[in-house]
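Right, one structure below, let's go through it.
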Amino acid sequence: MAIDLNALKTPGPTITALTKPFWDAATEGRLAIQHCEDCGKAVFYPRPICPHCWSKRLAWKDASGRGRLKSFSEVHKPGHPGWQPAAPYLVGLVELAEGPTILSFILAGTRPLQVGDMLLLAPTGIGGRVLPAFKPVEQSRGEAAMSTETKDGWVGVVKGRPQVGAFAERTRRTKMSDIEAFTDITGDRNPLHYDRALAEKSVFGKLIVQGGVTSGILNALVAEDLPGPGTVFLEVAWKFVKAVGVDEEITGRVEVKEVRPDKPICKIETSVRNGQGELCLTGTATVFTVPLQSA
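Residues 10 to 304 in our numbering are what the sequence shown spells out, letter by letter.
Here you go:
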């Protein structure tokens, strides 16, 4: 016998200023969760700070409504008598496509529920209010659900998805030991790097460091700062505008121009300037960030 869930006499939620956006969205049949504007990760349950990077820049966004069942229970003896007419009913932990896990009422499907089943958001009237319940995706056992939602390719990336417009800078001073270390790696013994008298008579008028030393500061920037640990270059288009000498201060800068949502790939604008602000290297690069944390 079907039960009218909306007629149940169940207690309502305690709504605070922090959780109000969640419940307002639920009333409209939406599932809203927080997203960190600094690290890019999704957050649930509602909090004042991001649990991943401790930023306070959290914004509410609608979730895709897709998820996977992590575990579930069939409730025969509810903790509140208002639920008794619906017993036995299902509650489960749903791993959302965006990453967080939510505890939810699970609507019965046409076959027994199993851990790993794909679920869809199914806003349901329960106890006189609309709640974000879930229902199984009806498919053959073992059949992969086709998704029209964009895959979150940044799950597991240490610093999360970067934002377009984000930038980072580093400054260092070149040394003769930089030239020697680069030579040790590559075998590059160009006299312009070692013969001071010859180099001073050249168009450069000084000993210069190898181009790899100049661009090396960009390696540090993408690997340590933006996008961060696990990042490698896929493609670079650099133009060396001005040679860098020994014992010169250089500042590297990277700025995010494009971010792919389905893969941890960014297109970045890059530059290196000397201590006088003169442009020494300019161009773009495409970088890939390897997930280093468990998804």
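Backbone N, C-alpha and C define an ideal beta-carbon position, used for all residues, glycine too.
Original post:
In chain order, what residues of the same chain have a beta carbon less than 6 Å from the beta carbon of E278, not counting five sequence neighbours either side?
Top reply: E264, K266 and T293
Original post:
From which residue to which residue does the alpha helix (DSSP H) around K210 run?
Top reply: Looking at the DSSP string, K210 is not in any alpha helix (DSSP H), and its letter there is neither H nor E.
Subject >> Exposure of A34, with buried meaning 16 or more beta-carbon neighbours within 10 Å >> reply: buried
Original post:
Can you tell me whether DSSP reads Q93 as helix, strand or coil?
Top reply: helix
Original post:
Could you give the C-beta distance for K296 and V255, rounded to a whole number, given that I count them as a contact under 8 Å?
Top reply: Looking at the sequence itself, residue 296 is Val, so the reference to Lys does not match. Going by Cβ atoms, the distance from V296 to V255 rounds to 29 Å, so no, they are not a contact pair.
**OP:** Taking G162 and P273 to be in contact with their CB atoms under 8 Å, please state how far apart those CB atoms are, rounded to whole angstroms.
**Re:** 5 Å
Original post:
Can you tell which of A252, P55 and T36 has its C-alpha closest to the C-alpha of T25?
Top reply: P55
Subject >> 8 Å Cβ cutoff met for A95 and L14 >> reply: yes
**OP:** Take G239 as the anchor and find which of T298, H202, V245 and G284 has the nearest alpha-carbon.
**Re:** T298
Original post:
Using DSSP with H/G/I as helix, E/B as strand and the rest coil, what is N228?
Top reply: helix
Original post:
For F81, does the three-state DSSP call read helix, strand or coil?
Top reply: strand
Original post:
Alpha carbon to alpha carbon, how far is L27 from W69?
Top reply: 11 Å
Subject >> Integer Cβ distance of I226 from R179, believed to fall under 8 Å >> reply: 6 Å
Subject >> Own chain, CB closer than 7 Å to I12, minus 5 neighbours either side, in chain order >> reply: P94 and A95
Original post:
In three-state terms, what does DSSP make of K276?
Top reply: strand
Original post:
If you drop the 5 nearest sequence neighbours on each side, which residues of the same chain put their C-beta closer than 8 Å to that of S82?
Top reply: L99, V100 and G101
**OP:** Sort out for me which residues DSSP pairs C62 with in a bridge.
**Re:** C62 is not bridged to any residue.
Original post:
Got a sec? Which residues, its chain only, sit under 8 Å from A153 by beta carbon, not counting five neighbours each side?
Top reply: For A153, the predicted structure reports a pLDDT of 46, less than 50, and the residue's modelled location is therefore unreliable. A value from the coordinates is still provided. No residues qualify anywhere along the chain.
Subject >> Distance, V52 Cα to K86 Cα >> reply: 31 Å
Original post:
For G74, which residues of its own chain have a beta-carbon under 7 Å away from its beta-carbon, when the five flanking residues on both sides are left out?
Top reply: L40, L129 and L130
Subject >> Where A103 falls, given that 16 or more other Cβ within 10 Å makes a residue buried >> reply: A small fix is needed here, since residue 103 is Val in this sequence, not Ala. By the neighbour-count rule (16 or more Cβ atoms within 10 Å), V103 is buried.
Subject >> Extent of the continuous alpha helix (DSSP H) run through S186 >> reply: M185 to T195
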